[in-house]
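Everything on this sheet refers to the single structure shown next.
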Amino acid sequence: MNYYQQNEFAKAAEAYRQALVIKLNDIDINFTLVGAESGAKQYQAESRTLDKIWQIQTMGIKMAPYYYYRAEILVAGEKYNDAREQIDNAIVADSSHSKYYRLKIDILTKLGRLREVNAVKKELAELEK
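Mapping of the sequence shown onto my numbering: residues 490 to 618, in sequence order.
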């Protein structure tokens, strides 16, 4: 397998540059070099994008407990609308904890939003399966 097939475009571009030294006017090598260079640029851009997504997701997971505890404090102070916003942020950041859904059910119950309570209960049931 060559570098091109392994998606190692930077190494492929370097190999084709060396080949051009040997055969300066070879059209196939020139086209392949251009493809390898553009592939390397595209690969680097995609890699940067994936790194940014990973950082955002990791940061969100780290922030979820903060949102949860803040929502608990707001519930204790009977500020249910603000608590709902905080618990929604926690669920968006990390939806893998059932305690977030349970607190949201409590908040919605106190706000009198029964339809939304039923929807959240369904989500909680799916999570606990």
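All C-beta atoms, glycine included, are put in the ideal place defined by N, C-alpha and C.
- From the listed residues Ala572, Lys588, Asp540 and Glu567, the smallest Cα separation to Ala614 is found for Lys588.
- Assigned with DSSP and collapsed to three states, Gly566 falls in coil, not helix or strand.
- For Asp595, the enclosing alpha helix (DSSP H) stretches over residues Ser587 to Leu600.
- For Arg573, the closest C-alpha among the options Tyr558, Ile596 and Ser536 is that of Ile596.
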